[in-house]
Every structure is written in C-alpha cells, then in structure tokens.
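Scroll down for the structure; my scribbles are underneath it.
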Amino acid sequence: MASTGDSGSAEPWNNETKTKFEAKSRSEFLDPCQDLASRSIRCLHRNDGDRSMCQDYFQ
C-alpha cells in the first residue's frame with residue numbers, strides 16, 4: 001500500500017503556504033497545490049503508474 005507521508009496538511013492553503021506567499025517577491029509564482037501534485041506524481045512513479053495505489057491523491 002502506498003504511504004502518504006506526514007509532511008504537510010491536507011489543505012493546500014494553510015499558515016505555512018500563507019507565510020510563503022506573503023514573503024515571496026512579486027515576480028515569483030506560488031502554487032499552493034504544488035506539494036500535493038508532486039506527491040501524487042512520486043506515488044505514481046513508485047507504484048509503476050498504478051493509480052489505485054494512490055487513491056488518496058485522486059479523490
């Protein structure tokens with residue numbers, strides 16, 4: 001079974017991403033969902049593309 005990891009919360013917009021957004025330069029792009037997107041891609045690579053093993057990311 002795929003592990004989801006404990007870093008970060010389920011919500012993409014939290015105090016950590018709010019702080020990053022407020023501290024970034026005006027020309028810098030910040031996607032609060034990038035962390036979860038990266039985790040879902042890593043899960044797919046880890047499980048040879050088996051989406052059923054990564055259902056936590058695709059609900």
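Every letter in the sequence shown is one number past the one before it in UniProt numbering, and letter 23, counting from 1, is 23. Heads up, the beta-carbon is just placed ideally off N, CA and C, and yes, glycines get one too. From a predicted model like this one, the values you see are computed outputs, not experimental measurements.
| Item | Value |
| --- | --- |
| Start-to-end residues for the alpha helix (DSSP H) that takes in cysteine 43 | 34-46 |
| Contacts around cysteine 33, its chain only, beta-carbon distance under 6 Å, and the 5 residues preceding and following it disregarded | Pro12 |
| Exposed unless 16 or more other CB atoms sit within 10 angstroms - verdict on threonine 19 | exposed |
| Element boundaries [alpha helix (DSSP H), containing glutamate 16] | 15-23 |
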